[in-house]
Each structure stands twice: as structure tokens, then as C-alpha cells.
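Undergrad:
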Amino acid sequence: MSNNPAITTILILFANPASTPRLRLDEEARKIDEVFRRSNNRERFILEIKYAVRARDLFQAILDYQPQIVHVSGHCAGEDGILLEDDWGQPTVLNTDALIEAFSTNGVECVVLNACFSQAQANAISQCVNYAIGINREIGDKVAIDFATGFYEVFADLQDVESAFELACSRLINDGEHLTPVLKKRMLQ
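Numbering (our numbering), first residue to last: -3 to 185.
(1) Note the first and the last residue of the continuous alpha helix (DSSP H) segment covering Cys165.
(2) Would Ala144 pass as a contact of Ile45 if the rule is Cβ separation under 8 Å?
(3) Classify Gln64: buried if its beta carbon has 16 or more other beta carbons within 10 angstroms, exposed otherwise.
(4) Under a three-way DSSP split, which group does Leu80 fall into?
(5) Hey, how far is the Cα of Met183 from the Cα of Gln123?
(6) Starting from the C-beta of Asp142, find all residues in its chain whose C-beta is less than 7 Å away, skip the five residues before and the five after it, and write them out in chain order.
(7) Looking at the secondary structure, which residues open and close the alpha helix (DSSP H) in which Leu59 lies?
(8) Curious, which full-length beta strand (DSSP E) runs of at least 3 residues does the stretch 94 to 135 contain?
(9) For Leu9, name the three-state secondary structure that DSSP assigns.
(10) Leaving out five residues before and five after Met(-3) in sequence, what residues of the same chain have Cβ atoms less than 6 Å from its Cβ?
(11) Taking the straight line between their C-alpha atoms, what separation do you get for Gly130 and His71?
(12) Three Cβ pairs or more, each shorter than 8 Å: is that satisfied between the stretch 18 to 32 and the stretch 75 to 85?
(13) Let's test the definition: count the other Cβ atoms within 10 Å of the Cβ of Pro17 and tell me whether it reaches 16, buried, or not, exposed.
(14) Comparing alpha-carbon positions, which option in Ala14, Asp171, Asn170, Leu179 lies nearest Thr88?
(15) Considering only DSSP beta bridges, list what Glu30 is partnered with.
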């Protein structure tokens, strides 16, 4: 029996295609990275960050890193899927079926979709992962960054996904956004 605690790999994927509103993804990445560097439990986490993500990058990164948590920040195409980049940096939609395929067989336990109107994808993804977090309306950079930072601050303290979600939402009360993030849990059959 090993005394080594389990290592959790977190894959952060950012996409902000040309011709879409600019997002402060660099600030979100900096703050998330800072959370784990300051954590007393930093040796229990591997953080991988990728920018300008294309669909094939998402699939390849999941295969390469075999993360337990995948965090996707950028823009969403509502019910159609999430926006990633094509080879020329322009927006392209990764549809919900492709998202389900990406997360269904690779050991991913939690997906955080930190993008406006990503609740539909979270609902669908929750069929194949234990937890899926989406956003139910349009949000600004400040709220997205505050939510992500709050979530990982609690998670890095070795709390579970549900506790991290609840406490991250509580950080948004003053902004009136505490009901904007939505947690979906897989229904066990």
C-alpha cells in the first residue's frame, strides 16, 4: 500500500478566436496558476495550461495528460457547443456530441465550462462525467475570473468539487451572480 497521495491533473484550455470579444484569459490563467503555487498541497496537483485551443488540441491534450479536471474558458455557441479556434484563429464550433465524446472515455471526472451560456453543454456532459459546471447566462471577465479563482482556491485545499463550487458561488453574491454558475452531477443508473 502506497503512502503517496493521489495526484490530480488539471487541464486548463483557453480559446478566444479572432473576431470574438476579447477576454482576459491571461489574467484567469495567472490567477489559477497562482492559487496552486501558493497552495500548501501544490505537490498533489499538476496544472497544464493551453492557449488558442483547436478541437484537435482539446482531444490530444486529454489523451496526453489524462486529466481528472478539464477547465475550458472562452466563448460558447449556446446550444450548439463551445467556440474553439480553427487553424487560422477564427471561431469554429465544437458541438455537444463531440464534447461528450471527448470526455466520456478518458477518466475525466469534472469539466468546468467557464463560458457564457455553457449550461446546455454542462447538462449534456454530465451524462459521462461525475461533475460538469456551466454558466447559465452572459457574464463578464471579472465574474468568470472570480468564480474560477474561488473554485480552485477551495479545491486546492483538498476539498471536493461540490464544496469548491458552493464556496466559489458564494464569492459572487456581492456581484449578484451567485446563481449564474450551475453544477450538474452525473445521475447514477
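We treat Cβ as the ideally placed atom computed from N, Cα and C, and that holds for glycine. All values reported here derive from a predicted model rather than from experimental measurement.
TA: Per the coordinate set shown:
(1) Here the alpha helix (DSSP H) through Cys165 covers 157 to 166.
(2) no
(3) buried
(4) strand
(5) 7 Å
(6) Arg167, Leu168
(7) 51 to 61
(8) Within the stretch 94 to 135, the complete beta strand (DSSP E) segments at least 3 residues long are 106 to 110, 127 to 131, listed from N- to C-terminus.
(9) strand
(10) Model confidence at Met(-3) stands at a pLDDT of 36, short of 50, so the residue's coordinates are unreliable; what they give is reported in the following sentence. No residues qualify anywhere along the chain.
(11) Counting only the Cα atoms, His71 lies some 12 Å from Gly130.
(12) no
(13) exposed
(14) Ala14
(15) Bridge partners of Glu30: none, in fact.
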